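K.L.:
One structure coming up, written as structure tokens, with questions to follow.
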Amino acid sequence: MIQTPNPHHITYPSQKSHFLVHLHLLLRARVSTINKMISGVAVAAMGESFKGTIRPMPKRGHIKSMMASNAFHSMASVLSKASSRIHRTKKAI
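If you count the sequence shown from 1, position 70 lands on 70 in UniProt numbering, and the numbers rise without skipping.
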């Protein structure tokens, strides 16, 4: 039986391969991060909230409605701030 080396315990014989060791560690960290992101997406797809209750995923129309509502509130906020700045500068003059 041929034993395959454990990919998590790779040793490099020379100091010239220090770069490869560093690259290997960076790739392991990146894969770990990606796996965490994927597991987070899987939990969100199941519709679980932080309290553990299961709720259905929003429909396509609901998502568009929420996006439109957020955009409207954002524009209203910007216009409100801009008009209050203009009003304050006219009073100062």
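Ideal placement from N, C-alpha and C gives every residue a C-beta, glycine not left out. What you are looking at is a predicted structure, and each value in this text was computed from that prediction instead of being measured.
State the DSSP-derived secondary structure class of K81, mapped to helix, strand or coil.
P.N.:
K81: helix per DSSP, three-state reduction.
K.L.:
Hey, how far is the Cα of I34 from the Cα of H22?
P.N.:
Approximately 18 Å between the Cα atoms of the pair.
K.L.:
Using a Cβ-Cβ cut-off of 8 Å (strictly less than) and excluding sequence neighbours within five positions of S39, which residues of its own chain qualify?
P.N.:
Here the set comprises nothing.
K.L.:
If you draw a straight line from the C-alpha of S36 to the C-alpha of R30, how long is it?
P.N.:
A quick correction: the sequence has Lys, not Ser, at residue 36. Approximately 10 Å between the Cα atoms of the pair.
K.L.:
Output the distance between the C-alpha atoms of R28 and A82, rounded to the nearest integer angstrom.
P.N.:
So the alpha carbons of these two residues sit roughly 48 Å apart.
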